[in-house]
Amino acid sequence: MWSKISFHTLFPASFLILILITVSLTLGVYSFSSQRTFVNHADEIMQQSSDFIYQQTKDHLVTASDAVQLLRQLAENRVLNSLNFQELNESFYSLMNINSQISAIFYATPDGQFIMSSRYNDQNPRGLFTKIIRNTGSARYIHYDSDLQVEQDRSGVADTYDPRTRPWYRMSVESSREIWTDPYLFFTSQSPGITTARAVYSDEGTLQGVIGVDLTLQNLSDFVGETARRSDSSLFIIDENRRFLAISGDITENVEPPGSRLSTIQDYKDTPVATALERYSVSQNANGSSEDGPPDAASGIQRLRFNHGNANYYGVFRNMSADGWSWTIGMFMSEDKILGTLIQNRRSIIILGGVIGVVFSILGYLLSRGITAPLREIQEALRIIASGSYPTKIRSNFISREFSDITVQIKDMSDSLRVYHNSMEEMVDQKTRELQQALEARTAVLAAVSHEMRTPLNALMGYSDILKQSITSPSARSKLNIMSGEAGKLLHLINQILDQEKMETRGLELNEEPVSLKEMSRELVESFQVNDHSLKPRIFLKMDSSVPAYVYSDRFRLYQVLSNLLSNAVKYCQKGEIHVSILHSGNDLYRFSVRDRGIGIPAQKQEEIFQAYNRGDQAVARRFTGTGLGLSIARQIVERMGGTLEVTSKEGEGSEFFFSIPLKEVQTAAKPDEEKAVSRENQYAVNFLEGKRVLLGEDYPVSRELISYYLNDSGCALDSLSSGSEILTTAANTPYDIILLDLHLPEVDGLELAERLGQRQSLKQSCFIAISADVELVEHLNEGNGPFHAALLKPFTREELISIIKQSCLETGRTSTPPTTSNGNRQSSPLEMRKVVDTLDGDSHQAFVLLEGFLAESEQSLQKLQDLLEEKNWKESHRLIHSLRSGAQLLFAGSLAQQAGELEDVLKTRMNLPENGSADSSDGYELISMLHTLFQSFEEVQTYCEQHILHEDL
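The numbering of the sequence shown is the working numbering, which starts it at 49 and goes up by one.
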């Protein structure tokens, strides 16, 4: 361990440890020898303080003897017989000036008359106050200043005071001499004191009244407080009834005042003074046999030691019963205060030791620096070099020649490394630029190859399908199937390469929709059984009965994953069985797996097969075709869906590919038979095109001829052109309903052409549809960007073309005019159910299923739309309202479709605003109003369906 400690740290640390040991030993010896001395010193301080308080109390009570003598003089003075209150008042104040301990002199007669002269003036702290009662219930109050000048004289003041009911009056009448009261709070001044009084009799022995003197104990309290402050202790005087006559402020600091009485021991429960008095009582009752020992014989002082609240205290008590007073003086001090000086000195020693330690540590540091500084300089230079930087300056002017030589060599090494590093960085930058250019070139080449291959594939696959419908020869149909299958393989290869490139550069976006797992899986298995009927393996499908009818997912991507896995299983499993299973694990989690009995995968290759363009064992790969992209694409799609594609395999026994993803169940009515619905919708679209004028712009002759053939039997008027200039000329004089444009036209490309045509007044209501083999551009246009209402990717089938034409026409309002009544107005019903049934070839059941699904989906969409508008999520709002509008048009709900279309136009404008742009403040109110109108239209459709649809004869 010591070998890892820096000498730069060890040298001054040794000095510091030595100083700390010395200080600790000194402090320990000092503390041991001084603690007893401080305790004895504190005991002396408390004894001297108690002696001082004892003497002050005795001196203070001398006034009591003077007061007794004064009472005797007043009782014999004939001035009391006259009942001249003015003279009595002046005499009383003269006597009070002689003795400052007297707070009041008073005289009461048997008939209730009363006069009191006191030092208490509630209006002037330095003034005097006289109360005179001639008749019971009424008094005269006179306030004087310090010179006995009247400040205020009030007569007729309501006062119920009756002196004859006071204890001092009764005790004086019953006694033949002076009486003393117990200490109490004076009624007038609310300060502690005692009263002495004496009855006054005539020569005939008749009671004339009672004369009394109040003696304040406030000065005694002041003595106690000042003494306690100077000695840093707690002091009090208590009588035999445990009432406090004087008490220091530190004791009363956190105790509520008792009000109009003297505080007692009950007011100080759970305080050190209560514990001290309890310990004193125990010592008194033990008669000297307690652990505190007997009182001091000479002074009568009882020493105590007690504990309160985890703190130790020392105390002394002194009883005044020997002087004729049943009072006790108490004093105590905490051990922390007693040892405070010792602790302070201990801190001083520690500080001094610390200062010395710091000084010696600095000296040690300075001594070690001369040795360690070169090493630290070398260490820092090497650290910078190791981090990838290269210092241009390294200090080398050290006293030691060896250290200087080492630093010079390090500097030369750093310069060489810096030159080499810079050249490598330039090379890496150049290679990075070349790689970026290569990636851009690859993307451009892939896009061009895709376009150039998809366009002829469109014709190849399209004409193959057409020929299948007319050729009946089994041999010829077989050859057509082979041709179509090979074209499909080529298209699949193109799609895989483009998918991989897209995931590497832009990521993957999912388009969730209701998906039937049962239908999708059956379609998947059947496609492989049909296409690969010559292969030996048999495919079995297993699905939990708890799998719901529909879940939300991206059908295309999920089908793509399972298709890739099943394709691999069929490819590498020449015989035996293949099992496809879909299990519901609960909590919306579904497990998909494809298990085969094929050749298996070596353990060391099982992770490599998920890398792009990796086909595992090359010896095996040469026996089978493929690009090595399928599993890489499948894993990325699964990860985007929230799962992980994994494999378990044993060479020679087979493999199982599996993954689990979360899928939410669709809580709506049962979905219609999609194949049947698509067929009927396409038929309706064909009928829908009847009488429409269609413009086709396509420069590739074969594609132009194929699309023309697709539209031959639709009843539309079709114009086919091959260049942008021809299209501009022809469209100038013809209001086309539908315009189909290839995006790569000579002279003027499709995007510019659509923008220019859309500005013409005669074509503002036209439906623009793009046709292209560029995957990225088609996806961009279908997201609502550009002048087109929809975009179709080559190759496509007749059904796909018819479907997108129908959908786009519905969105742009190119539908047939709603039926009118006999007076020419629009039909009043919000839904034309009969016409829906007609478009479905009279299938009323299918119409009701469509209607039920539309109502359920639309109600949820409207609720969600309200939240999206509040969040200003224009893109998602546009998608929802677009779907609602399409559904309403399909069901011929004219008013609802119109309201949805108006809101869709506003949202489309919002989507095209820049991110930091803002609309007028009135736009918010416009959206609220339009949404309210849309809700009303939907409620009309709901009400109409509930009241009428079930009773119509469809």
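Here a beta-carbon is modelled for each residue, glycine too, at the ideal position from N, C-alpha and C.
Close Cβ partners of residue i (< 6 Å) along its chain, the five nearest in sequence each way excluded
i: Arg958; result: Trp922
i: Cys993; result: none
Residue i vs residue j beta-carbon contact at 8 Å
i: Phe354; j: Thr312; result: no
i: Glu138; j: Gly175; result: no
i: Ile709; j: Val686; result: yes
i: Ile377; j: Ser98; result: yes
i: Phe162; j: Pro211; result: yes
i: Lys712; j: Val599; result: yes
i: Gln654; j: Val714; result: no
i: Phe640; j: Phe576; result: no
i: Asp602; j: Asn559; result: yes
i: Ile519; j: Leu528; result: yes
i: Arg846; j: Tyr758; result: yes
i: Lys842; j: Thr503; result: yes
i: Ala818; j: Leu829; result: yes
i: Ser703; j: Ile649; result: yes
Cβ-based burial, residue i [other Cβ within 10 Å; buried from 16]
i: Val989; result: buried
i: Lys698; result: exposed
i: Ala941; result: buried
i: Ile787; result: buried
i: Phe588; result: exposed
i: Asp790; result: buried
i: Leu939; result: buried
i: Leu793; result: buried
i: Phe604; result: exposed
i: Leu411; result: exposed
i: Pro720; result: Bear in mind that a pLDDT of 44 at Pro720, under 50, signals an unreliable position, so the number given afterwards is only what the model happens to contain. Under this definition Pro720 is a buried residue.
i: Ser626; result: Reading off the sequence, residue 626 comes out as Ile, not Ser. By the neighbour-count rule (16 or more Cβ atoms within 10 Å), Ile626 is buried.
i: Ile227; result: buried
i: Gly678; result: buried
i: Ala733; result: In this prediction, Ala733 scores a pLDDT of 49, lower than 50, which makes its location untrustworthy; no coordinate-derived value is stated.
i: Ser632; result: Here the sequence assigns His to residue 632, which means Ser is not the residue at that position. By the neighbour-count rule (16 or more Cβ atoms within 10 Å), His632 is buried.
i: Val628; result: buried
Bridge partners - residue i, DSSP secondary structure assignment
i: Ala651; result: Bridge partners of Ala651: none, in fact.
i: Tyr361; result: Phe354, Ser382
i: Phe705; result: Val642, Val695
i: Arg741; result: Ala765
i: Tyr600; result: Pro562
i: Asp790; result: Ile819
i: Ala206; result: Ser186
i: Asp201; result: Ile190
i: Trp228; result: Thr244
i: Trp375; result: Asp287
i: Phe1081; result: What the structure shows of the chain is the stretch from 49 to 1002, and residue 1081 is not part of that stretch, so it cannot be assessed.
Residues of its chain near residue i, where Cβ-Cβ distance is below 7 Å and the 5 sequence neighbours each way are ignored
i: Phe140; result: Ile153, Ser165
i: Arg309; result: Leu233
i: Glu288; result: Ser374
i: Ala948; result: Ile929, Leu932, Arg933, Ala936, Leu982
i: Tyr607; result: Met568, Leu572
i: Gln659; result: Ser680
i: Leu944; result: Pro878, Ala936, Ser985, Phe986, Val989
i: Leu508; result: Ala535
Neighbourhood of residue i by C-beta, 8 Å cutoff - its chain only, sequence neighbours within 5 removed
i: Arg225; result: Arg246
i: Tyr316; result: Ile299, Val303, Ala322
i: Thr157; result: Leu131, Gln256, Gly257
i: Leu128; result: Leu122, Leu136, Tyr155, Val248, Gln256, Gly257, Ile259
i: Leu903; result: Val989, Gln990, Cys993
i: Leu916; result: Glu924, Ser925, Leu928
i: Trp216; result: Ile227, Thr229, Thr243, Ala245, Val258, Gly260
Any chain B beta carbon closer than 8 Å to residue i
i: Glu988; result: Absence of chain B from the displayed structure is noted, only one protein chain being present.
The ligand ATP heavy atom lying under 7 Å from the CB of residue i
i: Val258; result: Absence of the ligand ATP is noted for the structure shown, with no ligands found whatsoever.
Cβ-Cβ separation, residue j to residue i (assumed contact under 8 Å), whole Å
i: Tyr511; j: Leu840; result: That pair is no contact at about 18 Å.
i: Met501; j: Ile542; result: 6 Å
i: Gly745; j: Gly700; result: Contact doesn't hold; Cβ gap of about 58 Å is too wide.
i: Leu325; j: Leu293; result: Going by Cβ atoms, the distance from Leu325 to Leu293 rounds to 14 Å, so no, they are not a contact pair.
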